[in-house]
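Enquirer: The numbering of the sequence shown is the working numbering, which starts it at -4 and goes up by one.
Here's a structure for you.
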Amino acid sequence: MFPHTNKKKTIVKDIKNIQKELETLECKYEIIIVVDGFVDNTFKKIQPYKSPKVKIIAYPKNQGKGHAVRYGMQHAKGDVIGFLDAGMDLNPKGLAILLADFQKYHADIVIGSKRHPQSKVIYPRKRRVISYCSQKFIKLLFGLDVTDTQVGMKFFRRDVVTKVVPRLLVKKFAFDVEVLSVAHYLGYKKIFEAPIELKYNFDGSIVSKNMIAALYHTFMDTCAVFYRLKIIHYYDKKKAFRTKSVKMQRKYLLNSI
């Protein structure tokens, strides 16, 4: 899965690079691109792309990363379901590494990690400090035995997605925290970290342009997840998968583009 918004300059090239890497694996695959709102001409840019293994899903209003990933997962068919952030800050070669670890450890979830000893990361010092403090805070709240929840490259077993995703509410930056903490809470504790190659490019990044606001909203959403998980036990009961304007979104669903 490939959650995406505002990447019109590179999106076609990015899809080709991901598909090239997946073709080297001895497994069947599908790529789902989620265009999170018609904020630019990205949807028109990728419409001509033709591949039986690529599906494009688009909806008019920008909803946020969490919504895009959940919506894409809803349409995924495989036994192993993953997502990769758009933009190619993350080297797509990491997909093979995560999948290899997934099979090796019979994992519930495998996540890319900037702090894995074998990771190669070009990352501003300021961001490193913020990330380190955030992860300590998250571990304190949820007891997750991982060093990095935020990398946009993760794989899940289908039953994890089936049982966890319908319960989720976060639409934006704290989605990763919510999905991992809820999965762990529901008994999916075989969560492993894998190395990645990451070279940050903050041009056009929503987080980099509005860092203070993004950090504030992520903090508030994380606290809300803790409240729902530990105080009112909201996630104990399965909730219907929520998405706005379903009829309108179906209008823009394109298969096998």
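Beta carbons: idealized from backbone N, C-alpha and C, even for Gly.
So what does DSSP say about Val165, is it helix, strand or coil?
Expert: Val165 falls in the coil class under three-state DSSP.
Enquirer: Alpha carbon to alpha carbon, what distance is there between Gln14 and Gly82?
Expert: About 14 Å.
Enquirer: Helix, strand or coil for Ile201, going by three-state DSSP, please let me know.
Expert: With a pLDDT of 49 at Ile201, under the threshold of 50, the modelled position of this residue cannot be trusted; read the value that follows with caution. Three-state result, Ile201: helix.
Enquirer: Starting from the Cα of Asn57, find the closest Cα among Leu90, Tyr66, Lys50 and give me that residue.
Expert: It is Tyr66 whose Cα lies nearest to the Cα of Asn57.
Enquirer: Tell me whether Met148 sits in a helix, a strand or coil according to DSSP, three-state version.
Expert: If DSSP states are grouped into helix, strand and coil, Met148 belongs with the strands.
Enquirer: Let's see if you can read the secondary structure: which residues bound the beta strand (DSSP E) around Gly266?
Expert: The structure shown does not extend to residue 266, since the chain is modelled only from -4 to 252, so the question has no answer here.
Enquirer: Please go through the region 45 to 111 and give each complete beta strand (DSSP E) segment of 3 or more residues, from N-terminal end onward.
Expert: The region 45 to 111 contains these whole beta strand (DSSP E) runs: 49 to 54, 75 to 79, 104 to 108.
Enquirer: In whole angstroms, what is the alpha-carbon distance linking Asn12 and Gln98?
Expert: Whole-angstrom Cα-Cα distance: 23 Å.
Enquirer: Classify Tyr195 as helix, strand or coil using the three-state DSSP reduction.
Expert: DSSP places Tyr195 in coil when its eight states are reduced to three.
Enquirer: With a Cβ-Cβ cutoff of 8 Å, do Asp216 and Ala169 count as a contact?
Expert: Yes, Cβ-Cβ distance for Asp216 and Ala169 is below 8 Å.
Enquirer: For Pro190, list the residues DSSP reports as bridge partners.
Expert: In DSSP, Pro190 forms a bridge with Ser108.
Enquirer: So what does DSSP say about Val141, is it helix, strand or coil?
Expert: Coil at Val141, not helix or strand.
Enquirer: So, is Thr93 buried or exposed, given that buried needs 16 or more other C-beta atoms within 10 angstroms?
Expert: According to the sequence displayed, residue 93 carries Leu and not Thr. When all chains shown are included, Leu93 counts as buried.
Enquirer: Rounded to the nearest angstrom, what separates Cys218 and Lys167 at their Cα positions?
Expert: Rounded to the nearest angstrom, the two C-alpha atoms are 14 Å apart.
Enquirer: In three-state DSSP terms, what is Ile6?
Expert: In this structure, Ile6 counts as helix in the three-state DSSP scheme.
Enquirer: Would you decide whether His101 is buried or exposed? Buried here means 16 or more other CB atoms lie within 10 Å of its CB.
Expert: Exposed: under 16 other Cβ atoms inside 10 Å.
Enquirer: Within the continuous beta strand (DSSP E) that includes Lys115, where are the two ends?
Expert: 115 to 117 is the extent of the beta strand (DSSP E) around Lys115.
Enquirer: Gly199 to Asp74, Cα distance in whole Å?
Expert: Note that Gly199 scores a pLDDT of 49, beneath 50, so its modelled location is shaky; the value from the coordinates is reported in the next line. Their Cα atoms are separated by approximately 34 Å.
Enquirer: Quick check on the burial criterion: 16 or more other C-beta atoms within 10 angstroms. Buried or exposed for Val30?
Expert: By the 10 Å Cβ count, Val30 comes out buried.
Enquirer: Would the beta-carbon of Phe187 fall within 8 Å of that of Gly77?
Expert: Contact: no.
Enquirer: Quick check: what's the CA-CA separation for Lys232 versus Thr157?
Expert: When rounded, the distance between both Cα atoms is 13 Å.
Enquirer: Where does Asp35 sit, in a helix, a strand or coil, going by DSSP?
Expert: Coil at Asp35, not helix or strand.
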